[in-house]
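As they're listed, the protein sequences go chains G and F. Residues in the first sequence are numbered from 0 upward in steps of one, following numbering that gives the first Met the number 0. Residues in the second sequence are numbered from 0 upward in steps of one, following numbering that gives the first Met the number 0.
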Amino acid sequence: MDDLFERALPVIHSTLESYYRLTEREARSAEQDLYVWFHRYARRSGLTDTPIRSLRLSLLLAACQYGRSFQLWKHGGTELDESLGRALAREPQELASELAARMDGES
Amino acid sequence: MAGRLLRFPVKPISSDEGIAAARRALQTPALAREARSFDLRLEEPETLLGLCGILRGELQTAPEAVLQEADFFYRFLERPKRSIGILDEREFFMGEMALIAGTACRVLSRREDARRWFDRSEAWFRHTVNSVADWSRLSYQRLALRVEEREFNEVLELVPLLVESFEKLEMREDALKCRFLEGVVLMEADQPSRAIETFRRIRAGARAMGNDQLLATALTNLTQLHAALGEVEEALDASRHALLVWRRLDNRVGVAKVHWGMGDLLRVTGQPSPAVEAYRSAQKEFAEIGMRGDVAALQLVVADLLLDFGEDEAARREILAALPAIDEIQMVPEGMAALALLRESVRGRRIDRAALRELHGYFGRPGD
Chain G
0 MDDLFERALP
10 VIHSTLESYY
20 RLTEREARSA
30 EQDLYVWFHR
40 YARRSGLTDT
50 PIRSLRLSLL
60 LAACQYGRSF
70 QLWKHGGTEL
80 DESLGRALAR
90 EPQELASELA
100 ARMDGES
Chain F
0 MAGRLLRFPV
10 KPISSDEGIA
20 AARRALQTPA
30 LAREARSFDL
40 RLEEPETLLG
50 LCGILRGELQ
60 TAPEAVLQEA
70 DFFYRFLERP
80 KRSIGILDER
90 EFFMGEMALI
100 AGTACRVLSR
110 REDARRWFDR
120 SEAWFRHTVN
130 SVADWSRLSY
140 QRLALRVEER
150 EFNEVLELVP
160 LLVESFEKLE
170 MREDALKCRF
180 LEGVVLMEAD
190 QPSRAIETFR
200 RIRAGARAMG
210 NDQLLATALT
220 NLTQLHAALG
230 EVEEALDASR
240 HALLVWRRLD
250 NRVGVAKVHW
260 GMGDLLRVTG
270 QPSPAVEAYR
280 SAQKEFAEIG
290 MRGDVAALQL
300 VVADLLLDFG
310 EDEAARREIL
320 AALPAIDEIQ
330 MVPEGMAALA
340 LLRESVRGRR
350 IDRAALRELH
360 GYFGRPGD
């Protein structure tokens with residue numbers, strides 16, 4: 000579990016900072032939340048016997064949903080610049096799949 | 000003076016503490032829980048995770064109690080809207096409590112209620128991170144309900160799709176559980192050889208996975224199948240193994256089902272009195288757990304056996320005792336027709352055996 004999280008962390012961090020434009024501090028706090036969430040997530044019914052590596056996509060998706068929801072909440076009702084607006088309009092599932100494929104390509 | 004409720008950060012708890020908190024919560028009377036929710040850590044995801052695990056584990060042994068508890072915690076999480084955990088955790092626990100409640104209703108043969116809970120579960124799982132996995136587990140329960148309603152063609156068509164979905168998600172245990180539905184349908188559709196083959200494959204898969212629950216369920220079904228075919232050695236062998244595992248798991252329903260299989264074996268080998276004793280023993284277990292559908296099914300089985308020996312009046316009493324429970328179970332139209340025929344024949348004191356046999360076929364059930 001920890002190993003998988005550690006390996007995904009650079010991708011998560013760069014997605015939160017560069018793609019969803021969280022500040023460094025916000026990204027670190029998000030990662031702590033995601034770490035706690037992921038440890039509980041892996042113990043949900045039906046997932047306890049699932050190979051850990053297959054939980055990676057869920058972790059990446061959770062990170063994308065976190066980043067998107069956070070920015071939507073932070074900027075609620077205010078005008079967004081074009082690139083952040085595009086990022087928030089994209090489906091987190093699509094981005095997470097792309098990140099997982101990129102990680103596969105790198106390993 | 001108007002006040003403001005301040006919420007101070009609470010130190011998170013470990014998974015072991017969560018399980019202990021879940022046990023404490025269940026030991027606390029439901030009426031006292033809400034007021035003590037802070038002390039009991041009821042809003043902690045670890046506690047809720049522990050509660051889900053405990054309730055799931057008791058579905059087969061105390062379904063009535065599980066239903067009451069899952070209902071309580073569902074309502075607790077629902078209103079007032081509480082902030083639970085991180086990301087999708089509130090939605091997951093709502094969906095999971097509804098799924099547990101629905102499964103308990105299915106075990107208790109309360110089919111309309113089961114459907115209502117499954118609909119609630121579906122609505123909450125729509126918002127979880129891994130909704131495909133959660134929906135797949137829900138689909139399994141819905142399919143199991145369809146097995147009980149004897150929609151065999153639909154089940155046989157849908158099972159391979161669900162197996163594929165679980166395999167894609169690498170949820171091997173759930174994939175294997177789906178094969179059970181296929182085996183049960185083959186059993187009910189009077190294809191014992193194919194059913195035996197299916198359960199043998201499940202037995203091998205469960206052994207390889209080290210999953211005792213699935214292993215014992217496969218062995219129990221093999222007991223019933225071999226017994227019905229009069230294959231004494233195979234039935235005894237399967238039953239011995241099944242009883243060992245069920246007792247180790249302290250699963251009363253499993254033990255009762257093996258006794259049911261033994262009753263079948265004794266019956267086909269021409270030992271009616273010991274067969275009735277075995278059926279009664281199973282019936283007693285089911286009654287204590289509150290599984291009225293299974294109690295009624297066994298009363299019909301015993302009635303059928305009594306008719307073999309011309310004990311029509313005793314058979315009639317068994318059927319009359321079963322009818323109130325059968326009335327409470329929402330039957331499919333074909334089952335209703337058989338029930339009407341049986342009721343009419345009992346009134347006329349000439350029991351319609353075809354209706355009797357058809358009716359007890361409507362009580363076969365898959366596992367949890």
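Every residue, glycine too, gets a C-beta built ideally from N, C-alpha and C.
Short CB-CB distance (under 7 Å) between residue i and chain G
{"i": "M93/F", "result": "no"}
{"i": "M170/F", "result": "yes"}
{"i": "V132/F", "result": "In the sequence as displayed, the identity of residue 132/F is Ala instead of Val. Chain G contact via Cβ: present."}
{"i": "D236/F", "result": "no"}
{"i": "I83/F", "result": "no"}
{"i": "N152/F", "result": "no"}
{"i": "R136/F", "result": "yes"}
{"i": "D70/F", "result": "no"}
{"i": "D173/F", "result": "yes"}
{"i": "A128/F", "result": "Here residue 128/F turns out to be Val, not Ala, going by the sequence shown. Closer than 7 Å to some Cβ of chain G, the Cβ of V128/F qualifies, so yes."}
{"i": "L161/F", "result": "no"}
{"i": "L41/F", "result": "no"}
Below-7 Å beta-carbon distance, residue i vs any chain F residue
{"i": "W36/G", "result": "yes"}
{"i": "P50/G", "result": "yes"}
{"i": "D1/G", "result": "no"}
{"i": "A26/G", "result": "no"}
{"i": "R55/G", "result": "no"}
{"i": "D32/G", "result": "yes"}
{"i": "L60/G", "result": "yes"}
{"i": "R85/G", "result": "no"}
{"i": "G45/G", "result": "yes"}
Residue span of the alpha helix (DSSP H) that contains residue i, given as start and end
{"i": "P79/F", "result": "No alpha helix (DSSP H) contains P79/F, which DSSP labels as neither H nor E."}
{"i": "E163/F", "result": "F151 to K167"}
{"i": "F91/F", "result": "E88 to V106"}
{"i": "D118/F", "result": "R110 to F124"}
{"i": "K256/F", "result": "R251 to V267"}
{"i": "F308/F", "result": "Element bounds for F308/F: n/a, residue is neither H nor E."}
{"i": "R42/G", "result": "Neither: R42/G is in no alpha helix (DSSP H) and is coded neither H nor E."}
{"i": "N220/F", "result": "D211 to A227"}
{"i": "G56/F", "result": "P44 to G56"}
{"i": "H12/G", "result": "D1 to S13"}
{"i": "Q282/F", "result": "P271 to I288"}
{"i": "M170/F", "result": "Premise fails: M170/F is in no alpha helix (DSSP H) and is neither H nor E."}
Per-residue burial, residue i [other beta carbons within 10 Å of its own, 16 or more giving buried]
{"i": "T22/G", "result": "exposed"}
{"i": "D118/F", "result": "exposed"}
{"i": "A234/F", "result": "buried"}
{"i": "L4/F", "result": "Reliability of the predicted coordinates at L4/F is poor, the pLDDT of 47 falling under 50, and no value is obtained from them."}
{"i": "T77/G", "result": "exposed"}
{"i": "A339/F", "result": "exposed"}
{"i": "V254/F", "result": "buried"}
{"i": "T268/F", "result": "exposed"}
{"i": "K80/F", "result": "exposed"}
{"i": "A415/F", "result": "There is no way to answer for residue 415/F, as the model of chain F reaches only from 0 to 367."}
{"i": "A132/F", "result": "buried"}
{"i": "I195/F", "result": "buried"}
{"i": "A88/G", "result": "exposed"}
Sequence-distant residues of its chain with Cβ nearer than 7 Å to residue i (five each side left out)
{"i": "F151/F", "result": "V184, E187 and A188"}
{"i": "H126/F", "result": "D87 and E90"}
{"i": "G2/F", "result": "Residue confidence for G2/F is low, a pLDDT of 43 falling below 50, so the modelled location carries little weight and cannot support an answer."}
{"i": "G49/F", "result": "G17, I18, A20 and A21"}
{"i": "E105/G", "result": "none"}
{"i": "M0/F", "result": "Its pLDDT being 41, under 50, M0/F is placed unreliably in this model, and the value from its coordinates should be taken loosely. So no residue of the chain qualifies."}
{"i": "V275/F", "result": "V301 and L304"}
{"i": "A69/F", "result": "L54, M96, I99, A100 and A103"}
{"i": "R141/F", "result": "F117"}
{"i": "S138/F", "result": "L161"}
Contact set for residue i: own chain, Cβ-Cβ below 6 Å, skip 5 residues either direction
{"i": "L83/G", "result": "R20"}
{"i": "M170/F", "result": "none"}
{"i": "A324/F", "result": "R291 and A295"}
{"i": "E97/G", "result": "none"}
{"i": "S164/F", "result": "S135"}
Nearest-angstrom beta carbon gap, residue j and residue i [assumed within contact, 8 Å]
{"i": "A277/F", "j": "M290/F", "result": "Not quite, the Cβ-Cβ distance comes to about 17 Å (not below 8 Å), so this is no contact."}
{"i": "S373/F", "j": "L161/F", "result": "Outside the modelled stretch of chain F, which goes from 0 to 367, sits residue 373/F, for which no answer is possible."}
{"i": "W259/F", "j": "A281/F", "result": "4 Å"}
{"i": "L221/F", "j": "A237/F", "result": "4 Å"}
{"i": "R52/G", "j": "P91/G", "result": "The pair is not a contact, with the Cβ atoms about 20 Å apart (cut-off 8 Å)."}
{"i": "I12/F", "j": "R40/F", "result": "6 Å"}
Heavy atom of the ligand ZN within 6 Å of residue i beta-carbon
{"i": "E88/F", "result": "The ligand ZN is not among the ligands present in this structure, which contains no ligands whatsoever."}
Contacts around residue i, its chain only, beta-carbon distance under 8 Å, and the 5 residues preceding and following it disregarded
{"i": "A155/F", "result": "What sits at residue 155/F in the sequence shown is Leu, not Ala. The answer, listed in chain order, is E181 and V184."}
{"i": "L58/F", "result": "V65, I99, T102, A103, V106 and D367"}
{"i": "I83/F", "result": "E42, P44, L47, L76, R89 and F92"}
{"i": "R6/F", "result": "Confidence in R6/F is poor, its pLDDT being 47 and thus under 50, which makes the residue's placement unreliable; the coordinate value appears in the next sentence. Correct list: empty, nothing qualifies."}
Closer than 9 Å at the beta carbon, the chain C residues around residue i
{"i": "S14/F", "result": "No chain C appears in the structure shown, which is made up of the protein chains G and F."}
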